[in-house]
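All remarks here apply to the structure that follows.
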Amino acid sequence: MLTNKKIIHDEIAQYKIQTYTLENFRKIPQIESMNYEKQFEIEIVGNVFPFKTNNYVIEQLIDWNNIPDDPIFILNFPQKNMLSEVHYEKMKFALEHYSDKKKIVTTANEIRMQLNPHPAGQLEFNIPKLRNGTKLLGMQHKYKETCLFFPSQSQTCHAYCTFCFRWPQFVGIDELKFATNESNQLIQYLNEHNEITDILFTGGDPMIMKAKILSAYIDTILDANLPNLKSIRIGSKALSYWPYKFVTDKDSEDMLDLFNRVTNRNINLAFMAHFNHVKELSTPYVKLAIKKIRDTGAQIRTQSPILSKINNNPEMWSKMWNLQVQLGCIPYYMFVVRDTGAQQYFGISLVEAYHTFVNAYKQVSGLARTVRGPSMSTTPGKILIDGIVSINGKQLLALRFLQGRNPDWVQKPFYAEYDEKAMWISDLKPAFSHKFFFETK
Ligand SMILES: *Cc1c(COP(=O)(O)O)cnc(C)c1O
Ligand code: SF4
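Take 616 as the starting number for the sequence shown in the working numbering and just add one per residue.
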């Protein structure tokens, strides 16, 4: 008798990834049938922001009867209004008039530099150094207990999210690419920093790596027997964009074996899965992939920014969190979209994000209330919008650090003047004082 699982396996045996970028996106049948003007819009915006999608997203996730409003379409395909009118016209002009590819790239770069490519001081801060003074460009160490590691082979993804704050990495304007080959340097750094309990593999998407490459990093870490290492985390959107990675890709079993090797050493493997919409959890392939990852003893935690036009809807969030819990995943963070790239397109006010969060949170059981948010990843730390309060007749926003550059800041409540339009900490005015407690001037 065929089990469900067997049917899925047969159906998708050796499913091959076909990626689409600016070079070949017109070959996507659903795009080919659009009029030229719509195609050109994608091309114009796709010259500024990174653009990549694949056959799974196109065939399984996007509802092509719901264009242009489909959330997954907006998540992957550049949209006209992601650029201001001035920038849009400038890029359009370049594509229509310049035959020199270099001049087109220069125009794109000029626009990019005006889109705050490095928010939250990512380049100036957080770059760790070894005791001998060597700078570790492929790492970030911002919060005491957790160190971020950017393997050079994971500087891409199975598809690109149009809102991604890592976009400068993908379009190649970063001088510092946050990438390293050196797991030995990582180990030296961890040996010099006993306070670190968590290593977080990030990118891009580390799950773009072949099992062989990732295991070169992870096995080196395991072999080093670091006494304080408790968790290895992998930040990934592969469950959304390419669940076959864990089901039918040639090295899927090797990848799962690697996960097993981690958990067998009594090290927690936390798979930090990025899901923006409940639709991404709807296919049999993602459900099977989740099961296979969990069968290795890894745990899956989920996170997503809240985005206008994609997921600013409390019913969607509560459905998504409930389904995640049902599938054995742990809802973890809801983020506020950063002040970079297309923030004016995707951003929503802090107050609106807070209301969406609370309205969704109200509708789920305690098992899904592990989620925290909405949270801003700012230069001083992760700041939670904790509530709207009234003190002496004055409306205020209650805020709190979930993570701080200085650990003493964590959990300390503080207040800002109520502001319905504010979209980021920099838009908020401190209440009762001329500065926030963590500011030096
Ligand atoms: C979010 C984040 C982490 C992890 O924080 P947790 O609250 O432990 O999940 C680590 N480093 C940086 C730079 C981060 O933004
Ligand atoms: S998968 Fe992650 S890193 Fe890649 S584009 Fe999306 S948000 Fe950015």
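Just so you know, even glycine gets a beta-carbon here, dropped at the ideal spot from N, CA and C.
Heavy atom of ligand 1 within 7 angstroms of residue i beta-carbon
i            : result
residue 867  : no
residue 845  : no
residue 758  : yes
residue 997  : yes
residue 1068 : Limits of the chain in this structure are 616 at one end and 1056 at the other, which puts residue 1068 out of reach.
residue 755  : yes
residue 1010 : no
residue 1017 : yes
residue 761  : yes
residue 992  : yes
Residue span of the alpha helix (DSSP H) that contains residue i, given as start and end
i            : result
residue 813  : Segment 813-816 is the beta strand (DSSP E) holding residue 813; no alpha helix (DSSP H) there.
residue 1009 : Taken as a continuous stretch (DSSP letters only), residue 1009 belongs to no alpha helix (DSSP H), being part of the beta strand (DSSP E) at 1009-1019.
residue 975  : 965-976
residue 991  : That residue, residue 991, is in no alpha helix (DSSP H); its beta strand (DSSP E) goes 987-992.
residue 880  : No alpha helix (DSSP H) contains residue 880, which DSSP labels as neither H nor E.
residue 856  : 853-856
residue 804  : 798-807
residue 712  : 700-712
residue 651  : 651-661
residue 697  : Per DSSP, residue 697 belongs to no alpha helix (DSSP H) and is neither H nor E.
residue 723  : 716-728
residue 691  : 686-691
Residue i: first and last residue of the uninterrupted beta strand (DSSP E) it sits in
i            : result
residue 883  : 883-889
residue 786  : It is not in any beta strand (DSSP E) - residue 786 instead sits in the alpha helix (DSSP H) that spans 782-786.
residue 761  : 761-764
residue 1028 : 1028-1032
residue 931  : Note, residue 931: premise wrong, no beta strand (DSSP E); alpha helix (DSSP H) at 929-941.
residue 754  : 754-758
Any non-hydrogen atom of ligand 2 within 7 angstroms of residue i CB
i            : result
residue 775  : yes
residue 1059 : For residue 1059 there is no data in the structure shown, the boundaries of the chain being 616 and 1056.
residue 727  : no
residue 944  : no
residue 733  : no
residue 916  : no
residue 852  : yes
residue 848  : no
residue 953  : no
residue 781  : yes
residue 702  : no
residue 889  : yes
Supposed contact pair residue j and residue i - C-beta distance, whole angstroms, cut 8 angstroms
i            : j           : result
residue 893  : residue 938 : 6 angstroms
residue 1039 : residue 996 : Incorrect: roughly 14 angstroms between the Cβ atoms, too far for contact.
residue 929  : residue 975 : 4 angstroms
residue 635  : residue 669 : 7 angstroms
residue 713  : residue 659 : Contact doesn't hold; Cβ gap of about 13 angstroms is too wide.
residue 990  : residue 950 : 6 angstroms
residue 773  : residue 651 : Their Cβ separation, rounded to whole angstroms, is 28 angstroms, which puts residue 773 and residue 651 out of contact at 8 angstroms.
residue 821  : residue 851 : 6 angstroms
residue 861  : residue 907 : 5 angstroms
residue 947  : residue 917 : 6 angstroms
Residues sharing a beta bridge with residue i, DSSP
i            : result
residue 669  : 634
residue 999  : 990, 1015
residue 917  : 888, 946
residue 824  : According to DSSP, which records beta bridges pairwise, residue 824 is partnered with nothing at all.
residue 959  : Note: residue 959 sits in no beta bridge, so no partner.
residue 849  : 816, 886
residue 951  : 921
residue 870  : Answer is none; residue 870 lacks a bridge partner.
residue 1022 : For residue 1022, which the question treats as bridged, DSSP gives no partner whatsoever.
residue 750  : 744
residue 908  : Per DSSP, none; premise fails for residue 908.
residue 1005 : 1010
residue 1045 : 1031
Closest residue to residue i among the options (Cα-Cα distance)
i            : options               : result
residue 785  : 798, 748, 771         : 771
residue 934  : 642, 855, 970, 977    : 977
residue 719  : 797, 705, 729         : 705
residue 969  : 759, 988, 701, 916    : 988
residue 945  : 905, 967, 646         : 905
residue 1001 : 1008, 971, 1021, 1007 : 971
residue 1033 : 1021, 908, 1047       : 1047
residue 743  : 824, 859, 763, 781    : 763
residue 952  : 780, 858, 836, 883    : 780
residue 664  : 672, 639, 777         : 777
residue 819  : 1006, 980, 765        : 765
residue 808  : 757, 768, 823, 848    : 757
residue 886  : 909, 867, 865         : 909
residue 1029 : 667, 654, 1017, 879   : 1017
Any chain B beta carbon closer than 8 angstroms to residue i
i           : result
residue 955 : Going by chain labels, chain B is absent from the structure shown, which holds only one protein chain.
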